[in-house]
Each structure stands twice: as C-alpha cells, then as structure tokens.
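Quick notes on the structure that follows.
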Amino acid sequence: MGLAVGTTVLVSGAEAASSAVTLEVNIYGLRSSKGNVLVCVTANPRFFPDCSKDPKSLRANVPANKAAMVSFNGMSPGTYAVAIVHDENSNSKMDMAVFLPREGYGFSRNPAVMTGPPKFRSAAFAINAADVSQRVQMKYML
C-alpha cells in the first residue's frame, strides 16, 4: 500500500488485481486544518477501532487540509469498518486527557459514542461489487 499525491490510497499486488472496487471516505466536521488525519480500514473486529496492529488493515495519514476525501482502491468484497483520528499535533496517535480524547475522531456509519468507542458491528458496512462511499462526521469532546 502506498499513499499517492492528494488523498488516494493505492493498494498494490494481488489485492488490487482481485477487485476494482473503491471505498471513498468523505470526512467532514474537522475543527481545524492543523496536523493530520489518520484513517484506518479493517475487516477484523478484533482490531477495531485501533487497527494499527492489523497486518491486513489499510491506512492513510493525510494532511488535515487535504482530508475531505480519502479513497482506497482495489478493495476486496467483505465487511469493513473505518476509524478516523484528527491528529492535530501530528504525533501519529490519539491523545487522551484522563479517559477523554483530546483530538477528534470519527467512525463509518457515524454510530453514537457513549462510553468508549463503538463496537465493530456498529460501524461495519459491506463492500460488494460496486464502489462504496462512507460519510464520516468528526466529533470532539474537548
């Protein structure tokens, strides 16, 4: 996987050859253009919402001022969930204040967040033979 100019993530190798489906993640509600937006896509519920340890996850690190849409090409059919962090200080992680996130976050299907992050099934969506778009609203607690 490599990040192309702009906001398109390209998947290479066998994955790209097996499917031509594109996932578009439309991000709105960023409170600033500072830092980066970290986008993580996983099909494995065990690695949601922090899919950084999922070797099969797709990830993008995009400057916040260019993060309105991030596209992942060559997606295989399956059930996926997206987790997003607005990493305003560019340290590549979600900063916390006690138990509350200091930075913005968002999830596919925009599930309600009460105590802790949503479960995979609340954010999950299917990718079949057609391109898919997810519109994700960023949320901030502090």
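Just so you know, we're using this note's numbering here: the sequence shown kicks off at 33 and counts up by one.
Backbone N, C-alpha and C fix where the C-beta goes; we use that ideal spot for every residue, glycine too.
On a predicted model such as this, the values are computed, not experimentally measured, just so you know.
Q.
According to DSSP, residue 171 sits in a beta bridge with which residue or residues?
A. Against the sequence shown, residue 171 aligns to sequence position 139. Under DSSP, residue 171 takes part in a beta bridge, and its partners are 137.
Q.
Rounded to whole angstroms, what is the Cα-Cα separation between residue 166 and residue 140?
A. Position 134 of the sequence shown, counted from the start, is the residue given in the question as residue 166. Position 108 of the sequence shown, counted from the start, is the residue given in the question as residue 140. Residue 166 and residue 140: Cα-Cα distance of roughly 6 Å.
**Q.** Separation of residue 77 from residue 87, as counted between CA atoms
**A.** The residue given as residue 87 occupies position 55 in the sequence shown. The residue given as residue 77 occupies position 45 in the sequence shown. Those two C-alpha atoms are separated by around 13 Å.
Q. Is DSSP giving residue 91 helix, strand or coil here?
A. Taking the first residue of the sequence shown as 1, we reach residue 91 at position 59. Under the three-state reduction of DSSP, residue 91 is assigned to strand.
Q: Would you list the one or two residues that DSSP bridges to residue 165?
A: For this step, residue 165 is matched to residue 133 along the sequence shown. Looking at the DSSP output, residue 165 sits in a beta bridge with 56.
Q: Determine, using beta-carbon pairs with one atom in the region 134-152 and one in the region 112-125, whether at least three such pairs fall under 8 Å.
A: The region 134-152, when compared against the region 112-125, does touch it at the 8 Å Cβ threshold.
**Q.** Unbroken beta strand (DSSP E) run spanning residue 75, endpoints
**A.** Counting from one through the sequence shown, the residue named residue 75 turns up at place 43. That residue, residue 75, is in no beta strand (DSSP E); it is neither H nor E in DSSP.
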